[in-house]
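Keeping their order, the protein sequence lines are chains A and B.
Every position in the first sequence, counted from 1, becomes a number in our numbering once 1417 is added.
Every position in the second sequence, counted from 1, becomes a number in our numbering once 1417 is added.
The block underneath contains the structure these notes are about, expressed in structure tokens.
There are 2 protein chains.
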Amino acid sequence: MADGRPGSGENLLYLTDEQLRQGIEAMFFAYRGFTADPDRILSDMAYGRAHHRAIHFINRAPGTTVNNLLNILGVTKQSLNRVLRTLIEDGLVQSHVGKTDKRERHLFLTEDGQALEQQLSDAQRARMRAAFRDAGPDAVAGFRTVLEAMMDTEMQRTYTRLKESGA
Amino acid sequence: MADGRPGSGENLLYLTDEQLRQGIEAMFFAYRGFTADPDRILSDMAYGRAHHRAIHFINRAPGTTVNNLLNILGVTKQSLNRVLRTLIEDGLVQSHVGKTDKRERHLFLTEDGQALEQQLSDAQRARMRAAFRDAGPDAVAGFRTVLEAMMDTEMQRTYTRLKESGA
DNA sequence: TTGGAATGTCAACAAGGCTGACATAAACTG
DNA sequence: CAGTTTATGTCAGCCTTGTTGACATTCCAA
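Below, the structure written as structure tokens:
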């Protein structure tokens, strides 16, 4: 680990406990902003953040299996199932039995589901876009570098896989 | 809004919908990592993330009032009170009646509370430090710039006030 | 054919949000 | 001083979203 002495070779001031604490608080307050807009939209319906997450990743990877979604979201199947059931009942998500492996269910958004996804991600992207534009490209690159380094290694892989599938 | 055309003057590729979506997913996965270590410690006790947040900000601003904490945390007094009550009962937090305004309660961590705060923030800082070190000072600056731009303006002020009080 | 994997479902429970209502004491205001 | 506002606490009840455990079904694979 780096010694705490500032000015030892390169500038290590950004690693002081105070800087780290500010980073922690920045994450806390920023995440609140990050979720605020979709939360507001969802609170008018019978849905919550868990529904948003499911919709987001089904849209991102149409035809994904329940198990795959489970790994991405990091919750139990019982918890996800409750959310999926309501989304299927309400006609936002369709579940198709797998062709090669009929145990698997492949998940897709219906037109209504896509419409809601659009509404939610528009709101979230608008805030992200404003933040990115204000901060500029170099800051955005740094933002993503730090976030990636903050993930568990398993989630890094998931994130990278998703990133490459969409690029 | 910026037009989607890449190469129009400066490079605006970082504002494409795909880039924004990656930013959204990076926030999601990174926040999971960000909370994972304290969550693990707390799950062994009878405490959760809400207790961690209260402890963090009481430590950050000793003597803060309940109302001030309410504003920082963005929850209802009933919700905060439930958490504070257990922390006070368990001897981690002390509540002193205000001197000038006796309606107010000023909150402090006891020694035990400070010990737990230390344990939790050590874990969280360790991850943050590793991420910061891997990413380097420029990336860290960008990270904080973007996060700050992502906050609600009200929270930006709160964040800045805290930042300046600690620097 | 048997074992294990993928999925679904039921039940129960807990944390931590929320609202609404009400109590108390202190401070402020006319 | 009387009345209002403010800060706080508390009770009751509800919702979402997470958990565990148990069990059924279906189907692939050895």
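For each residue, glycine too, the CB sits at the ideal point set by N, CA and C.
Quick caveat: nothing in here was measured; it's all calculated off a predicted structure.
Could you check if residue i is buried or exposed, using at least 16 other CB atoms within 10 Å of its CB as the buried criterion?
{"i": "Met1572/A", "result": "buried"}
{"i": "Val1557/A", "result": "buried"}
{"i": "Asn1488/A", "result": "exposed"}
{"i": "His1513/B", "result": "exposed"}
{"i": "Ala1548/B", "result": "buried"}
{"i": "Gly1426/B", "result": "Unreliable placement is indicated for Gly1426/B, whose pLDDT of 44 sits below 50; the coordinate value is still reported in the next sentence. With fewer than 16 Cβ atoms within 10 Å of its Cβ, Gly1426/B is classed as exposed."}
{"i": "Arg1499/A", "result": "exposed"}
{"i": "Leu1430/A", "result": "exposed"}
{"i": "Gly1450/B", "result": "buried"}
{"i": "Met1462/A", "result": "exposed"}
{"i": "Ser1538/A", "result": "buried"}
{"i": "Gln1662/A", "result": "Missing from the structure shown is residue 1662/A; chain A here goes from 1418 to 1584 and no further."}
{"i": "Ala1543/A", "result": "exposed"}
{"i": "Pro1423/B", "result": "In this predicted model, Pro1423/B has a pLDDT of only 46, less than 50, meaning its place in the structure is not dependable; the value taken from the coordinates is given anyway. Pro1423/B is exposed by the Cβ-count criterion."}
Assuming residue i contacts residue j (C-beta within less than 8 Å), just tell me the rounded distance between them.
{"i": "Thr1575/B", "j": "Phe1446/A", "result": "7 Å"}
{"i": "Ala1453/A", "j": "Asp1569/B", "result": "7 Å"}
{"i": "Gly1515/B", "j": "Glu1506/B", "result": "Not a contact, Cβ separation roughly 21 Å."}
{"i": "Val1483/B", "j": "Leu1524/B", "result": "7 Å"}
{"i": "Leu1459/B", "j": "Phe1474/B", "result": "Leu1459/B to Phe1474/B, Cβ: 16 Å. No contact."}
{"i": "Tyr1448/A", "j": "Tyr1448/B", "result": "5 Å"}
In terms of residues, what are the limits of the alpha helix (DSSP H) holding residue i?
{"i": "Val1563/B", "result": "Pro1554 to Met1567"}
{"i": "Gly1583/A", "result": "Thr1570 to Gly1583"}
{"i": "Met1444/A", "result": "Asp1434 to Ser1460"}
{"i": "Asn1428/A", "result": "Asn1428/A -> no alpha helix (DSSP H), and no H or E assigned at all."}
{"i": "Ala1471/A", "result": "Arg1466 to Arg1477"}
By Cβ distance below 7 Å, which residues in the same chain neighbour residue i in space, the five residues on each side in sequence not counted?
{"i": "Asp1456/B", "result": "Arg1466"}
{"i": "Leu1533/B", "result": "Ile1472 and Leu1509"}
{"i": "Ala1540/A", "result": "Asp1454, Pro1455 and Ile1458"}
By Cβ distance, which residues of its chain are closer than 8 Å to residue i, with the 5 residues on each side in sequence left out?
{"i": "Ser1496/A", "result": "Ala1467"}
{"i": "Ala1552/B", "result": "Phe1560"}
Leaving out five residues on either side along the sequence, give the residues of the same chain with a beta carbon under 6 Å from the beta carbon of residue i.
{"i": "Asn1476/A", "result": "Leu1526 and Glu1534"}
{"i": "Asp1511/A", "result": "As written in the sequence, residue 1511/A is Gln, which differs from the Asp given in the question. Cβ neighbours of Gln1511/A beyond the five flanking positions: Phe1525 and Thr1527."}
{"i": "Asp1529/B", "result": "Gly1508 and Leu1509"}
{"i": "Thr1481/A", "result": "Leu1524"}
Is there at least one non-hydrogen atom of the ligand MG closer than 8 Å to the beta-carbon of residue i?
{"i": "Gly1530/B", "result": "Because no ligand of any kind appears in the structure shown, any question about the ligand MG cannot be addressed here."}
- [ ] Can you check the stretch 1491 to 1548 of chain B for any alpha helix (DSSP H) of at least 4 residues that lies completely inside it and give the ranges in chain order?
- [x] 1494 to 1506
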